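To keep things clear, I will list the structure first and then write my remarks on it.
There are 2 protein chains.
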Amino acid sequence: MSFTVEHQSGQARVGRIVTAHSVIETPVFMPVGTNGVVKAMMAEQVASLGAQIILGNSYHLYLRPGLEVLREAGGLHRFAGWERSILTDSGGFQVFSLQKLSRLSEEGVAFQSHIDGSRHFFTPELVMEIQGVIGSDIAMVLDDCPALPATPERLAASVTRSLAWAERAIRCERPAHQALFGIVQGGLDLSLRLRHLEALAAMPFDGLAIGGLSVGEPPAEMHAMCRALAPQMPAERPRYLMGVGTPWDLVACAGAGVDMFDCVLPTRNARMGTVYTRDGERINIRNAVHRGAMAPLDSRCDCYACRHLSRAYLRHLFVAKEITGVVLLTLHNLSFYLWLMGEIRRAIRGGTLAELEARFAPQQREGEGQDG
Amino acid sequence: MSFTVEHQSGQARVGRIVTAHSVIETPVFMPVGTNGVVKAMMAEQVASLGAQIILGNSYHLYLRPGLEVLREAGGLHRFAGWERSILTDSGGFQVFSLQKLSRLSEEGVAFQSHIDGSRHFFTPELVMEIQGVIGSDIAMVLDDCPALPATPERLAASVTRSLAWAERAIRCERPAHQALFGIVQGGLDLSLRLRHLEALAAMPFDGLAIGGLSVGEPPAEMHAMCRALAPQMPAERPRYLMGVGTPWDLVACAGAGVDMFDCVLPTRNARMGTVYTRDGERINIRNAVHRGAMAPLDSRCDCYACRHLSRAYLRHLFVAKEITGVVLLTLHNLSFYLWLMGEIRRAIRGGTLAELEARFAPQQREGEGQDG
Numbered sequence: 095m096s097f098t099v100e101h102q103s104g105q106a107r108v109g110r111i112v113t114a115h116s117v118i119e120t121p122v123f124m125p126v127g128t129n130g131v132v133k134a135m136m137a138e139q140v141a142s143l144g145a146q147i148i149l150g151n152s153y154h155l156y157l158r159p160g161l162e163v164l165r166e167a168g169g170l171h172r173f174a175g176w177e178r179s180i181l182t183d184s185g186g187f188q189v190f191s192l193q194k195l196s197r198l199s200e201e202g203v204a205f206q207s208h209i210d211g212s213r214h215f216f217t218p219e220l221v222m223e224i225q226g227v228i229g230s231d232i233a234m235v236l237d238d239c240p241a242l243p244a245t246p247e248r249l250a251a252s253v254t255r256s257l258a259w260a261e262r263a264i265r266c267e268r269p270a271h272q273a274l275f276g277i278v279q280g281g282l283d284l285s286l287r288l289r290h291l292e293a294l295a296a297m298p299f300d301g302l303a304i305g306g307l308s309v310g311e312p313p314a315e316m317h318a319m320c321r322a323l324a325p326q327m328p329a330e331r332p333r334y335l336m337g338v339g340t341p342w343d344l345v346a347c348a349g350a351g352v353d354m355f356d357c358v359l360p361t362r363n364a365r366m367g368t369v370y371t372r373d374g375e376r377i378n379i380r381n382a383v384h385r386g387a388m389a390p391l392d393s394r395c396d397c398y399a400c401r402h403l404s405r406a407y408l409r410h411l412f413v414a415k416e417i418t419g420v421v422l423l424t425l426h427n428l429s430f431y432l433w434l435m436g437e438i439r440r441a442i443r444g445g446t447l448a449e450l451e452a453r454f455a456p457q458q459r460e461g462e463g464q465d466g
Numbered sequence: 095m096s097f098t099v100e101h102q103s104g105q106a107r108v109g110r111i112v113t114a115h116s117v118i119e120t121p122v123f124m125p126v127g128t129n130g131v132v133k134a135m136m137a138e139q140v141a142s143l144g145a146q147i148i149l150g151n152s153y154h155l156y157l158r159p160g161l162e163v164l165r166e167a168g169g170l171h172r173f174a175g176w177e178r179s180i181l182t183d184s185g186g187f188q189v190f191s192l193q194k195l196s197r198l199s200e201e202g203v204a205f206q207s208h209i210d211g212s213r214h215f216f217t218p219e220l221v222m223e224i225q226g227v228i229g230s231d232i233a234m235v236l237d238d239c240p241a242l243p244a245t246p247e248r249l250a251a252s253v254t255r256s257l258a259w260a261e262r263a264i265r266c267e268r269p270a271h272q273a274l275f276g277i278v279q280g281g282l283d284l285s286l287r288l289r290h291l292e293a294l295a296a297m298p299f300d301g302l303a304i305g306g307l308s309v310g311e312p313p314a315e316m317h318a319m320c321r322a323l324a325p326q327m328p329a330e331r332p333r334y335l336m337g338v339g340t341p342w343d344l345v346a347c348a349g350a351g352v353d354m355f356d357c358v359l360p361t362r363n364a365r366m367g368t369v370y371t372r373d374g375e376r377i378n379i380r381n382a383v384h385r386g387a388m389a390p391l392d393s394r395c396d397c398y399a400c401r402h403l404s405r406a407y408l409r410h411l412f413v414a415k416e417i418t419g420v421v422l423l424t425l426h427n428l429s430f431y432l433w434l435m436g437e438i439r440r441a442i443r444g445g446t447l448a449e450l451e452a453r454f455a456p457q458q459r460e461g462e463g464q465d466g
């Protein structure tokens, strides 16, 4: 994997990641494909929207379909029919957020499957093996990801443990094409985060991620943490803000120097009937006001739904509980997110990021987060 | 609408229907789009599979989105973004099958909405008005469609009433491009059906349909009725067997001289994980035997799922309850049905229909039927 910064404006930068599978312009938004599929999408649709990288989830894929099937398939790219890049989350977030009974030790974390209650034990080494079988282009280290708010002791312990695990992860063998990112923890304690960052930056990771944000704290605090932290991250390596975020978050944090994002919001909101427009609006298609609305969702969007269909028809599909409604809104929201990233890159190059942020800042904040 | 028979072999025939919206090769299978959408499909996908005509349902579309919205949209073609032909069922079957409390009179049928319990009254005239607003290329008369088994008295009454309603329907104004089909009732009583047919054939309908079959009777009886009835239907007009059927039904009844079919089986079965193959097999993708199966559903099928994905991946999507699994299996099953119709047309031209029937006859019969 290579990374080149092509343009910098303030802290914001435009760059390019090249993996064995695709060329990725940054700042990039990665659609989430937890189970090896971007929900409601076929791989060819995600590709046709222009996505060059999607996310997979080590925790979910380890439980289902399991390593044996993934190994037999020759990895996730072939299994899912997705020829471009894949980043896999380590599963740390899922182990801590989906399991009430996960038990931490220095060795790793014991948990029960959210599917069938079966018992498992994740170590930094096992998580690297899982990601090796998946064959992702970018792997993430196993981290200890506490929910916020957390006590100072809990935060400090998570940093110490995550650092020890990162050292074990980076010593593991991995596929020749696979890059590995470290993850900075530390909650909203900047000095703790900077200490963690300094230690991780000294290690030969291909990129560094900010983990443990967007887990319930106010957006202003999250943005402030990014503005303080991202510029301290090594400039020559990609910076990845995990599980973020709303359109506003993307513009604001790209402005802080973040290069990579992922979030379930565009796909999850589509399933709830919520769509974004280029004006910075958020619309719920179920609202009765759309009952006879013959205009498209967004007249400036060129997705299939906006080119061919009215709000009234999309509302009809939702009210009638037609799967196609979810498909069309997912297509639109992903199209919007990928368009927005293009706008962000253009605005960074043109020095107009503040204006773009103004367009998306006023909108209501909602419950986003890393994938559950 | 025009209809031309291009080739006849025994009772079977290959022909061509031309509407204002498309050219339809017969025998044709029409995917069902009850609510103005083929379930789980985008219109462009259905078109890309080669479908030239889909079904809409007057009953469902009248209740939701309702005539006001459909009128505002300029009809169903524009509302649904479907540029090819549409046939609309009259709603007779739905009124009688979805409502426990429908009340028949000479004037029409009173029923309560299955959605909200609201009270409505369908007359032959209102059903023509609904189909006029929808703007379908082929409209169907309102008929009295009794469940089988039915008493001789009930069957005779349904024929008398359906005939009176057909006479009222054909006197209604309708859009210039819209054809109208009559519907033959009479259950499994051939002489009653022939009497109904004779009366309908004397009226200037553009085509005639066999209604009230595939409602619970054994397949052999249904096929026998088609073999007896279809050849008696006017040769110069299309013959439409409503709500049928399995692959075996399609081959057998095309052999009896039927030109048009519709059925929810390919889409409904896809939602249950059941898929068809060109060998005449039926597979349930949830079966554990497919857990590590890296072969496609059908190596001879050229649908997206079969070209790019394994049974193991499709099973994984189903087990993980991913919407995309339903989308991909629907795409495959529709692709199979449309392929089968091409094979039927080719076999009729080549005189090999009996061999094709043998391939699909042995498979297990299942509960198919008109759309609910």
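Just so you know, the sequences run in chain order S and X.
For the first sequence, this note's numbering gives the first residue as 95, with consecutive numbering after it.
For the second sequence, this note's numbering gives the first residue as 95, with consecutive numbering after it.
For every residue, glycine included, the Cβ atom is placed at its ideal position computed from N, Cα and C.
This one's a predicted model, so the numbers in the text were calculated from it and none came from an experiment.
Query, Result
"Run through the DSSP bridge pairs and tell me what threonine 120 (chain X) is partnered with.", "X:Gly109"
"For tryptophan 342 (chain S), which option in S:Met388, S:Pro332, S:Ala448 and S:Val189 has the closest C-alpha, if you only look at C-alpha atoms?", "S:Ala448"
"For the beta strand (DSSP E) that contains isoleucine 147 (chain X), what are its first and last residues?", "147 to 151"
"One question on the structure: do glycine 386 (chain X) and arginine 107 (chain X) come within less than 8 Å of each other, judged by their Cβ atoms?", "no"
"Please compile the residues from chain S whose C-beta is within a distance smaller than 9 Å of the C-beta of valine 420 (chain X).", "Ile417"
"With DSSP as the reference, label serine 96 (chain X) as helix, strand or coil.", "strand"
"Under the rule that 16 or more other beta-carbon atoms within 10 Å means buried, what is glutamine 458 (chain X), buried or exposed?", "Unreliable placement is indicated for glutamine 458 (chain X), whose pLDDT of 44 sits below 50; no coordinate value is reported for it."
"Which same chain residues, not among the five before or five after leucine 428 (chain X), have their C-beta less than 6 Å away from its C-beta?", "Pro125, Leu143 and Pro360"
"Quick one: list the residues of chain S neighbouring alanine 478 (chain X), beta-carbon separation under 7 Å, in chain order.", "This structure cannot speak to residue 478 (chain X), because chain X is shown only from 95 to 466."
"For a contact meaning CB atoms closer than 8 Å, what does alanine 204 (chain X) contact in chain S?", "Within chain S, no residue comes near alanine 204 (chain X); the closest Cβ sits about 24 Å away, beyond 8 Å."
"Tell me which same chain residues have a C-beta within less than 6 Å of the C-beta of histidine 317 (chain S), skipping the five on either side of it?", "Ala346"
"Relative to the C-alpha of serine 96 (chain S), which candidate in S:Glu223, S:Ala441 and S:Phe275 has its C-alpha closest?", "S:Phe275"
"Give the interface partners of proline 390 (chain X) over in chain S, defined as CB-CB distance under 7 Å, in chain order.", "Near proline 390 (chain X) there are no residues of chain S at all, since even the closest Cβ is about 11 Å away, more than 7 Å."
"What is the DSSP secondary structure of glutamate 460 (chain X), reduced to helix, strand or coil?", "With a pLDDT of 47 at glutamate 460 (chain X), under the threshold of 50, the modelled position of that residue is not reliable, and the figure given next carries that caveat. In the structure shown, glutamate 460 (chain X) sits in coil (DSSP, three-state: anything other than H, G, I, E or B)."
"Are the C-beta of glycine 466 (chain X) and some C-beta of chain S separated by less than 8 Å?", "With a pLDDT of 37 at glycine 466 (chain X), under the threshold of 50, the modelled position of that residue is not reliable, and the figure given next carries that caveat. No, glycine 466 (chain X) lies away from the interface with chain S (no Cβ there is under 8 Å from its Cβ)."
"Compare the C-alpha of glycine 301 (chain X) against each of X:Arg178, X:Ala322, X:Pro328 and X:Leu170 and name the closest.", "X:Pro328"
"Helix, strand or coil for asparagine 427 (chain X) per DSSP?", "helix"
"Starting from the Cα of tyrosine 431 (chain X), find the closest Cα among X:Cys357, X:Asp210, X:Tyr398 and X:Ser308 and give me that residue.", "X:Cys357"
"May I ask you to verify whether the region 411 to 425 of chain S touches the region 180 to 199 of chain X, counting CB pairs closer than 8 Å and requiring at least 3?", "no"
"Assign aspartate 465 (chain X) to one of two classes, buried (16 or more other C-beta atoms within 10 Å of its C-beta) or exposed (fewer than that).", "Only weak support is given to the placement of aspartate 465 (chain X): the predicted model assigns it a pLDDT of 39, under 50, and the value that follows is read from those uncertain coordinates. Answer is buried; the Cβ neighbour count reaches 16."
"Determine the closest residue to threonine 182 (chain X) out of X:Asn129, X:Leu249 and X:Gly445, with distance taken between C-alpha atoms.", "X:Asn129"
"Alpha carbon to alpha carbon, how far is isoleucine 180 (chain X) from glycine 374 (chain X)? Give it in angstroms, no decimals.", "29 Å"
"Considering only the alpha carbon of each residue, which of X:Ile304, X:Met135, X:Ala273 and X:Pro243 lies closest to alanine 324 (chain X)?", "X:Ile304"
"Taking Cβ-Cβ distances shorter than 9 Å, what residues in chain S pair up with asparagine 381 (chain X)?", "Within chain S, no residue comes near asparagine 381 (chain X); the closest Cβ sits about 14 Å away, beyond 9 Å."
"Quick check on alanine 414 (chain X): does DSSP put it in helix, strand or coil?", "coil"
"Based on the DSSP secondary-structure assignment, which residues constitute the bridge partners of threonine 371 (chain S)?", "The partner list for threonine 371 (chain S) (beta bridge, DSSP) is empty, contrary to what the question assumes."
"Could you give the DSSP three-state label for proline 243 (chain S): helix, strand or coil?", "coil"
"Is asparagine 381 (chain X) helix, strand or coil when you go by DSSP?", "coil"
"Got a sec: is the Cβ-Cβ distance from alanine 364 (chain X) to anything in chain S below 8 Å?", "no"
"By the criterion of Cβ-Cβ separation under 9 Å, what are the contact partners of arginine 178 (chain X) in chain S?", "Within chain S, no residue comes near arginine 178 (chain X); the closest Cβ sits about 14 Å away, beyond 9 Å."
"Give me the subset of the region 142 to 161 of chain S whose CB atoms are less than 7 Å from a CB atom of chain X, sorted by chain position.", "Arg158 and Pro159"
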